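Asks: Chains as they are written, first to last, in this note's numbering: chain P, -15 to 49; chain E, 77 to 203. We put the beta carbon where it would ideally sit given N, CA and C, even for glycine. Since the model is a prediction, treat every value here as computed from it, not as a measurement.
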Amino acid sequence: MDISVLFKIAGIGLLAAIINTILRKSDKEEIATITTLASLVIVLVIVLDMIASLFDSIKSIFSLY
Amino acid sequence: MQIVKVIGVGLIGALVAGLLRQEKSELYIFAIIAGGALILIVILSSLTEVIAQFGMLVGRSGIDESLFAGVLKIIGVGYITEYASALCNDYGVSSIANKMQLAGKVAIFFMTLPVLANLVEVISSML
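(1) For Lys27/P, which residues from the same chain have a beta carbon less than 6 Å from its beta carbon, with the 5 sequence-adjacent residues on both sides left out?
(2) If I'm right that Asp(-14)/P touches Val85/E with Cβ under 8 Å, what's the distance once you round it to whole angstroms?
(3) In its own chain, which residues sit with a C-beta less than 8 Å from the C-beta of Ala179/E, not counting the 5 before and 5 after it?
(4) Verify whether the separation of the beta carbon atoms of Leu103/E and Ala0/P is less than 8 Å.
(5) Could you tell me whether the region 112 to 122 of chain E touches the region 144 to 154 of chain E, where touching means 3 or more Cβ pairs closer than 8 Å?
(6) Whole-angstrom Cβ separation of Leu(-2)/P and Glu99/E, contact assumed at under 8 Å?
(7) When the Cα atoms are used, what is the spatial distance from Ile83/E to Ser37/P?
(8) Would Leu189/E be called buried (16 or more neighbouring beta carbons within 10 Å of its own) or exposed?
(9) Measuring CB to CB, does Val196/E end up less than 8 Å from Leu143/E?
(10) Once the 5 residues before and after Ile115/E are set aside, which same chain residues still bring their CB inside 7 Å of it?
(11) Quick one: measure Cβ to Cβ for Ile45/P and Ile139/E, integer angstroms, because I've assumed they're closer than 8 Å.
(12) Measure the C-alpha to C-alpha separation of Ile30/P and Ile79/E and round it to an integer number of angstroms.
(13) On a CA-only basis, which of Gly146/E, Gly135/E and Ser171/E is nearest Phe186/E? Give me that one, please.
(14) Give every residue of the same chain whose Cβ lies closer than 7 Å to the Cβ of Gln177/E, excluding the five residues on either side of it in the sequence, and list them in chain order.
(15) Evaluate Ala22/P with the Cβ neighbour count: other Cβ atoms within 10 Å of its Cβ, from every protein chain shown; 16 or more gives buried, anything less gives exposed.
(16) Nearest-angstrom Cα distance between Asn165/E and Leu203/E?
(17) Going along the chain, which residues of its own chain have a beta-carbon closer than 6 Å to the beta-carbon of Ser171/E, five neighbours each way excluded?
(18) 8 Å is my cut-off, CB to CB: does Leu92/P come that close to chain E?
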């Protein structure tokens, strides 16, 4: 699970950047922003459940209820 | 303790973050978040071991158990606020980072009150 998350984020980021430039070159600005937003949401979903499980285990270790 | 694994994860995270920042995409902050979280996940197992051993030591030495739990809570809060404020500093919003540290200090202060009360009790019982 662990390292693949980083590579997923890198892949999505690079893909979004490339798609962004392509769309901007073919003067479709608004679709470019939408694709950036979509990539942001995808990466947020991936990172979110990892952070949630991490903070739950920290809370259980330090008994921080 | 897999220190080599931690270094590997950290380097890969730094690499990905640098790459994404160079590409001017906003996702480089997620690479930083993920890298930090992964390092934490790797060291979590040995962290629990250390805390368990420490708990046994404290138990044997006769110190009040709630004192150790309080100290542990303070360490936890301190660590989480430090993680978040360092993240905000990386992202450039240092004002939010300072606010988080202030909130962390206030939370820790509230957690030290019972420990202080305990200390005063012990001292007064000695005198």
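Replies: Based on what the coordinates show:
(1) The amino acid occupying residue 27/P in the given sequence is Val; Lys does not appear at that position. Ile(-7) and Ile(-4), listed in sequence order.
(2) Between Asp(-14)/P and Val85/E the beta-carbon gap is near 7 Å, inside 8 Å, which marks them as a contact.
(3) Once the five neighbours on either side are set aside, the close Cβ partners of Ala179/E are Thr157.
(4) It is a contact, given that the beta carbons lie within the stated cut-off.
(5) Verdict: no, contact absent.
(6) With a Cβ gap of about 6 Å, Leu(-2)/P and Glu99/E count as contacting.
(7) Taken atom to atom, the span from the alpha-carbon of Ile83/E to that of Ser37/P is near 22 Å.
(8) Around the beta-carbon of Leu189/E, fewer than 16 other beta-carbon atoms lie within 10 Å, marking it exposed.
(9) Result no, Cβ atoms of Val196/E and Leu143/E do not sit closer than 8 Å.
(10) The beta carbon of Ile115/E sits closer than 7 Å to those of Val82, Val85 and Gly86, all from its chain and outside the five residues before and after it, given in chain order.
(11) About 20 Å separates the two Cβ atoms, so there is no contact after all.
(12) Their backbone Cα atoms lie some 25 Å apart in a straight line.
(13) The shortest Cα separation from Phe186/E among Gly146/E, Gly135/E and Ser171/E belongs to Gly146/E.
(14) The beta carbon of Gln177/E lies closer than 7 Å to those of Thr157 and Ser161 in the same chain, with the five residues before and after it left out.
(15) Under this definition Ala22/P is an exposed residue.
(16) Looking at the two C-alpha atoms, the distance is approximately 48 Å.
(17) Here the set comprises nothing.
(18) Look at the range of chain P in this structure, -15 to 49, and you will see that residue 92/P is not part of it.
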